[in-house]
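Numbering (the numbering used here), first residue to last: 85 to 228. Encoded as structure tokens, the structure appears first; notes follow it.
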């Protein structure tokens with residue numbers, strides 16, 4: 085499995101998920117005032133009534149409630165599907181990975197593992213196996 089093989093699949097599926105979220109939120113309004121630290125507060129509501137809905141939608145897609153919010157920018161969620169993908173990639177993914185072509189294999193695999201949207205589309209056990217092999221290969225390359 086390579087990044088080249090996963091890139092188009094992940095890109096198409098993130099556009100699909102983004103479209104679904106946007107439809108359920110039902111707003112074309114964008115907001116440029118909210119930040120992730122505000123959205124994490126229980127009693128915070130976006131002044132434009134949009135960001136907290138995106139936040140909830142992204143959280144609902146998490147397989148294990150693991151997020152790396154700092155990988156993305158809140159104000160870009162309504163217009164950029166890959167910003168949502170970045171929330172499901174682990175710590176260490178670079179916020180500069182602004183599109184699928186700039187995301188490495190580890191980021192793609194983390195996305196498919198951590199985002200529920202992919203679970204009905206792929207065999208998660210196979211993804212886990214690939215990640216395990218990848219980590220072992222990296223470990224042995226570093227040790228040698």
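Even for Gly, the Cβ is constructed at its ideal location relative to N, Cα and C. All values derive from a computational prediction rather than experimental measurement.
{"Check": "Taking the continuous alpha helix (DSSP H) assigned at residue 174, which residues delimit it?", "Outcome": "Counting along the chain, residue 174 falls outside any alpha helix (DSSP H), and DSSP gives it neither H nor E."}
{"Check": "In chain order, what residues of the same chain lie with their CB nearer than 6 Å to the CB of residue 187, ignoring the 5 residues before and after it?", "Outcome": "181"}
{"Check": "Output needed for residue 160: all residues of its chain with C-beta closer than 6 Å, excluding positions within five of it in sequence on either side, in chain order.", "Outcome": "167"}
{"Check": "To which residues does DSSP link residue 199 through a beta bridge?", "Outcome": "146"}
{"Check": "Just confirm the distance between the C-beta atoms of residue 124 and residue 198, as a whole number of angstroms; I'd bet it's less than 8 Å.", "Outcome": "Contact doesn't hold; Cβ gap of about 18 Å is too wide."}
{"Check": "Is residue 205 helix, strand or coil when you go by DSSP?", "Outcome": "coil"}
{"Check": "With distances taken from CA atoms, which of 126, 134 and 107 is nearest residue 118?", "Outcome": "134"}
{"Check": "For residue 87, does the three-state DSSP call read helix, strand or coil?", "Outcome": "helix"}
{"Check": "Going by other Cβ atoms of all chains shown within 10 Å of its Cβ, with 16 needed for buried, is residue 156 buried or exposed?", "Outcome": "buried"}
{"Check": "Contact defined as beta carbons within less than 8 Å: I believe residue 128 pairs with residue 136. What is the distance between those atoms, to the nearest angstrom?", "Outcome": "7 Å"}
{"Check": "Between the beta-carbon of residue 165 and the beta-carbon of residue 114, is there less than 7 Å?", "Outcome": "no"}
{"Check": "Could you tell me which of 154, 101 and 105 sits nearest to residue 120, measuring between CA atoms?", "Outcome": "154"}
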